[in-house]
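Participant: Next up is a structure, given as structure tokens.
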Amino acid sequence: MEKITQTAGRNQLGEFAPDFAHYNDDVLFGENWNNHDIDLKTRCIITVVALMSSGITDSSLTYHLENAKAHGVTRAEIVAIVTHVGFYVGWPKAWAVFRLAKDVWNEAEPELTDKDKYQNTILFPIGAPNDGFKQYFSGQSYLAPYQRNRSASSTLRLSRAAATTGTSTTPKKAAGKFSSASAVAGITRSGAKKRSK
């Protein structure tokens, strides 16, 4: 098994925090990472999972993703690992790790299919930053005409239902008919009278 050596602590923090640099380079990597009870590939996977679980998606995670790849973690394996862990630690964390992992495993963006293009235009496109929520409710979304038609058809259905039951054709008036306690009491009394006959 190859020996892991690390100098990042001394290179970046040697003068500012020499003790921390020592613990990082000599203890964490020098001793812990060189413990042979766990193979390096497994240790790399555990480290990626730990950082993902903590929500750390900075250069340290990129380093450990690169380290995982260098120690034999394949693209298919990292995809399965991040997907699995995403169920336990949070889907947004999985998204963040995937964005970094794609760069590490040098995956080129595939040509978008019609289905993918449609997916990117829906209210909350998967994995894409968007303001669809705001657009949707402000009427700027491409779905707004559909929503307006849907609202109109809902009102029409309500009006038809009201016509058959003899209630008001507008929801506000219909609600107003039964909003007072006396109206509700009147209905209860008339209902009770009908049952007693």
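Sequential numbering from 295 applies to the sequence shown in the numbering used here. Every residue, glycine too, gets a C-beta built ideally from N, C-alpha and C. Keep in mind that this is a model prediction, so the values were computed, not measured.
(1) What are the uninterrupted segments assigned as alpha helix (DSSP H) that are 4 or more residues long and contained completely in the segment 296-379, given in chain order?
(2) Using only alpha-carbon positions, find the residue among 304, 370 and 324 that is nearest to residue 271.
(3) Are the beta-carbon atoms of residue 375 and residue 342 separated by less than 8 Å?
(4) What would DSSP say about residue 385, mapped onto helix, strand or coil?
(5) Can you tell me the Cα-Cα spacing of residue 346 and residue 408, whole angstroms?
(6) So residue 339 packs on residue 362, CB below 8 Å; how close in whole Å?
(7) Does the beta-carbon of residue 303 have 16 or more other beta-carbons within 10 angstroms, so that it is buried, or is it exposed?
(8) Quick check: the Cα distance between residue 344 and residue 406, rounded to an integer number of angstroms?
(9) How should residue 391 be labelled, buried or exposed, when 16 other C-beta atoms within 10 angstroms of its C-beta is the threshold for buried?
(10) For residue 300, which of 350, 321, 310 and 351 has the nearest alpha-carbon?
(11) Measuring alpha carbon to alpha carbon, tell me which residue in 307, 353, 394 and 357 is nearest residue 373.
(12) Beta-carbon within less than 8 Å of residue 352's beta-carbon, same chain only, minus the 5 sequence neighbours each way: which residues are those?
(13) Excluding sequence positions up to five away, which residues of its chain have a Cβ less than 8 Å from the Cβ of residue 318?
(14) Within this structure, are the beta carbons of residue 335 and residue 379 separated by less than 8 Å?
(15) Using the rule of at least 16 other Cβ atoms within 10 Å of the residue's Cβ for burial, across every protein chain shown, is residue 387 buried or exposed?
(16) In three-state DSSP terms, what is residue 394?
(17) Note down, in chain order, each residue of its chain lying with its Cβ closer than 7 Å to the Cβ of residue 327, except the 5 sequence neighbours on either side.
Facilitator: From the atom records:
(1) 302-307, 312-316, 334-348 and 353-364
(2) With the chain running from 295 to 491 in the structure shown, residue 271 is simply not present.
(3) Yes, the pair counts as a contact, with Cβ atoms nearer than the cut-off.
(4) Residue 385 falls in the helix class under three-state DSSP.
(5) Distance between the alpha carbons of residue 346 and residue 408: 32 Å.
(6) 6 Å
(7) buried
(8) 33 Å
(9) buried
(10) 321
(11) 394
(12) none
(13) 300, 302, 303 and 307
(14) no
(15) Buried, by the Cβ-count rule.
(16) helix
(17) 298 and 337
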